[in-house]
Structure formats: structure tokens, C-alpha cells
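Data block below; observations after.
Protein chains in written order, with our numbering: chain A, 1 to 200; chain B, 1 to 176.
Right, dumping it as C-alpha cells:
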């Protein structure tokens, strides 16, 4: 387990030509590509083509990504643009709402799409942030969100820590998660969206 | 303009809210970042497709352009917006893409059967159409920079163009 989990190091290693680092990026961010692309009405073949376009583009742009924290945003945006293009190309006629019988409300649909894209980016940031925590903090948070839930007794037994320290450790782990690079990066991106684009 | 947001803006504020976000995130990412092989059940994509996608994505790395002589051109997003205007028309759908470079630019119109292009400023050039699966297709433009390729059966593709003045390569274009 000497592999780094730091996104910046992985990006630099991939830019330097290391296939293994590239494979790590694919492993880490394919769920993001899929979660963005599957919000569109695309066939399985289209999903494959869009995904591959995103990865081929990233190969060419990997050494121009100056801020590795921006990588999830770059991937999500590229996937979204390509999926929109493909979906538009497929649409031979305006989609019709089969229930109401009228045209779909494009605005409502695109707001919904934005929400889903934002949710996908947040989920990726949380998963990335979690990967940056110490193993003890990471394992505790993972055990705390298991479904069905574990009792503090069971968690105490699994981690070998006193029941009384679970609450305080959880608070510290969450503070670290909140302060982690991926979440900070996404929050500042969302903030600039808000200030720049009248999102609220 | 006020827009109604249906998702929670306070996704990391407060410990309970952050725990809820984390629970959703881990449920959504049934593929753990530390897993070596993709787990099945990433919603919406069947396991064999998923395996193919991971394999293709890893193999994409071998397509890295080492040739620094070529300027890499990205498609301008404006052309994608223009395209929205023709939605719903009875005309065969075609896409126009503009790749603006420092010295030369390329405009492509991707139709159902053909890819028709133009080099700007007007000049002749040598063009290579590349796909991942098939052989490269090479041709010379006419003297005013126009060229036509049969649309390849495989997506995505990219185009390399060299003229007396410059050499450029486009980003990969998803054609489906």
C-alpha cells in the first residue's frame, strides 16, 4: 500500500507518462463520468462513446491541468457537454410529454439536470475527501454510515476504541472531511457560480 | 433571477447534514476508489459494458500525443449552442464544430454520411482522420482548403492537419 491517494501526485505522475497513475484516475473518476452521463437519455452505446471521449480528451489535457483539485469539475463538465451534444444529435424532433400531451418543459428539465450534476460532483468530492483522511477517521465514518446502522458498541468493538470516544472522534473526522481539498475546491467553485451567475 | 433549488445548499454545514451527504455519496459510489476491479451494479450500466468502459479508458492513455509540433485545438462551445437552433427541423441533423488555432483554424460539418471541412485562412493542407479502432484515413484538401471524409463507423475521431504554415490536431470528437 505505497500508492498515493493524493490527487495532485496522481495527476502529475500520469502527466509524466505513468500508466499506473492513469489507471488510478480511471478507477477513481469513472463513477463520476457515469453518474453525470446517465442523467441524460442515452443508450448504453452512447454512454460508452461519451465516456471514451472524456478519457481521450483528458489524456491530451492532463499536463495542462494546473490545479488538480479542479479535475473532478473538468471531468464532469466535459462529460456533460458531450452528453448534451449527443442527446441533441439524437433528438430528431422535440420531445413530447406523453402524459400532458404537450412539449416537455425544457427549463424545468434543465434545472433538474443541473441539480443532478451538482449532486454527482458533491458525491465525488465527498468520496475523494474521505480518501484523504487518516485510516482511523475514514473507517469510523464508513462504519457510521453503514446500512443497516451499527450500534456504538459494535463500532467500538470493530475499531478497538472506547464507546465514549466515538462521538468526539466523529466530530474531528467530519471537521477534517469538511476541510479536505476536494470539498474546499468544490465549495469555492459553487460559491463563484453563485456570485457570478445568479444561481440563487 | 430567482431559481428554485431543490437540492440542499447546506450539504457540509452541520455534522448531521454532512453525515447524510456522506451516506448518499457512498451509496451512489458503489465502486470504492480503492477497489481494483469495478464492482457490478453501478446503476444504469450493465457489468459487461462497465468492464469494457474501464478497459477502454485505461487504454486511452496509449493515445497520448507526444508530438509537440502540433497545436491541440478544442472545439468552440458556441457551435454547440448554435446547433440547438436547428432542433426539431426536418432537415438531416448535422453538427458544425469550429477549432480555432493560433495560425490556422478548421471548421467541420458532421453530417449523417460525410464530414465536410474547411481550413482557414484559405490554404491547402494534408489531413489525417484518426479513430481508435480503424486505420488512419489520409487525404489532401483542394486548393481552397475544402475536404470531405466519409463518416467513420467508429466514434470518437480526431483530425490532424498540416499546411505550409502550421500543424494542428483537434481534440477527440464524439460523433454518435
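Even for Gly, the Cβ is constructed at its ideal location relative to N, Cα and C.
Spatially closest choice to residue i from the options, by CA coordinates
| i | options | result |
| --- | --- | --- |
| residue 170 of chain A | B/15, B/111 and B/11 | B/15 |
| residue 201 of chain A | A/165, A/81, A/140 and A/138 | Given that chain A is displayed from residue 1 to residue 200, the structure contains no residue 201 of chain A and the question cannot be resolved. |
| residue 131 of chain B | B/152, B/111, B/140 and B/112 | B/152 |
| residue 62 of chain B | A/118, A/55 and A/175 | A/55 |
| residue 142 of chain A | A/42, A/173 and A/79 | A/173 |
| residue 158 of chain A | A/140, A/189 and A/66 | A/140 |
| residue 65 of chain A | A/155, A/121 and A/10 | A/10 |
| residue 70 of chain A | A/125, A/131, A/156 and A/178 | A/125 |
| residue 186 of chain A | A/117, A/42 and A/26 | A/117 |
| residue 180 of chain A | A/12, A/88, A/154 and A/122 | A/122 |
| residue 77 of chain A | A/44, A/49, A/114 and A/67 | A/114 |
| residue 165 of chain B | B/27, B/50, B/70 and B/111 | B/70 |
| residue 95 of chain B | B/117, B/29 and B/139 | B/117 |
| residue 49 of chain A | A/73, A/24 and A/83 | A/83 |
| residue 88 of chain A | A/73, A/119, A/133 and A/46 | A/46 |
| residue 156 of chain B | A/51, A/135 and A/74 | A/51 |
| residue 148 of chain B | B/72, B/112, B/19 and B/50 | B/112 |
| residue 58 of chain B | A/131, A/160, A/27 and A/167 | A/27 |
| residue 39 of chain A | A/21, A/8 and A/79 | A/79 |
| residue 177 of chain A | A/165, A/160, A/156 and A/136 | A/136 |
| residue 21 of chain A | A/34, A/6, A/33 and A/67 | A/6 |
| residue 170 of chain B | B/127, B/139 and B/45 | B/127 |
| residue 119 of chain A | A/72, A/57, A/134 and A/156 | A/72 |
| residue 161 of chain B | B/100, B/133 and B/27 | B/100 |
| residue 159 of chain B | B/121, B/122, B/18 and B/105 | B/105 |
| residue 110 of chain B | A/131, A/86 and A/133 | A/86 |
| residue 73 of chain B | A/68, A/74 and A/57 | A/57 |
| residue 8 of chain A | A/32, A/34, A/33 and A/132 | A/132 |
| residue 56 of chain B | A/165, A/30, A/41 and A/16 | A/30 |
| residue 145 of chain A | B/23, B/64 and B/17 | B/23 |
| residue 115 of chain B | B/139, B/29 and B/135 | B/139 |
| residue 64 of chain B | A/74, A/17, A/53 and A/127 | A/17 |
| residue 125 of chain B | B/97, B/134, B/168 and B/98 | B/168 |
| residue 178 of chain B | A/189, A/182, A/175 and A/190 | With chain B covering only 1 through 176, there is no way to say anything about residue 178 of chain B. |
| residue 24 of chain A | A/33, A/166 and A/14 | A/14 |
| residue 33 of chain A | A/12, A/134, A/74 and A/161 | A/74 |
is_contact[residue i, chain E] using C-beta, thresh 8 Å
| i | result |
| --- | --- |
| residue 29 of chain B | Of the protein chains in this structure, namely A and B, none is chain E. |
Exposed unless 16 or more other CB atoms sit within 10 angstroms - verdict on residue i
| i | result |
| --- | --- |
| residue 163 of chain A | exposed |
| residue 25 of chain B | buried |
| residue 129 of chain A | buried |
| residue 144 of chain B | exposed |
| residue 53 of chain B | buried |
| residue 146 of chain B | exposed |
| residue 142 of chain B | exposed |
| residue 172 of chain B | buried |
| residue 175 of chain B | buried |
| residue 105 of chain A | Caution applies to residue 105 of chain A, whose pLDDT of 49 falls short of 50 and renders its modelled position unreliable; the model cannot decide the point. |
| residue 154 of chain A | exposed |
| residue 21 of chain B | buried |
| residue 102 of chain B | exposed |
| residue 150 of chain B | exposed |
| residue 154 of chain B | exposed |
| residue 10 of chain B | exposed |
| residue 68 of chain A | buried |
| residue 47 of chain B | exposed |
| residue 122 of chain B | exposed |
| residue 182 of chain A | buried |
| residue 136 of chain B | exposed |
| residue 53 of chain A | buried |
| residue 27 of chain B | exposed |
Strand pairing of residue i, partner residues [DSSP]
| i | result |
| --- | --- |
| residue 146 of chain B | B/118 |
| residue 75 of chain B | B/99 |
| residue 131 of chain B | B/157 |
| residue 137 of chain B | B/129 |
| residue 168 of chain B | B/71 and B/161 |
| residue 105 of chain B | B/120 |
| residue 110 of chain B | B/95 and B/115 |
| residue 173 of chain B | B/157 |
Please determine if the segment 149 to 156 of chain A and the segment 54 to 72 of chain A are in contact, where contact requires at least 3 C-beta pairs separated by less than 8 Å.
No, the segment 149 to 156 of chain A does not touch the segment 54 to 72 of chain A.
In chain order, what are the residue ranges of uninterrupted beta strand (DSSP E) at least 3 long that sit wholly in the segment 2 to 29 of chain A?
With a minimum length of 3 residues, no continuous beta strand (DSSP E) run stays inside the segment 2 to 29 of chain A.
Could you tell me which uninterrupted alpha helix (DSSP H) segments, each at least 4 residues in length, are contained entirely in the segment 105 to 181 of chain A, listed from first to last along the chain?
Segments of the alpha helix (DSSP H) lying fully in the segment 105 to 181 of chain A: 106 to 132, 135 to 144, 152 to 159 and 166 to 179.
Inside the segment 19 to 84 of chain A only - alpha helix (DSSP H) runs reaching at least 4 residues
Here the runs fully enclosed are 19 to 37 and 44 to 61.
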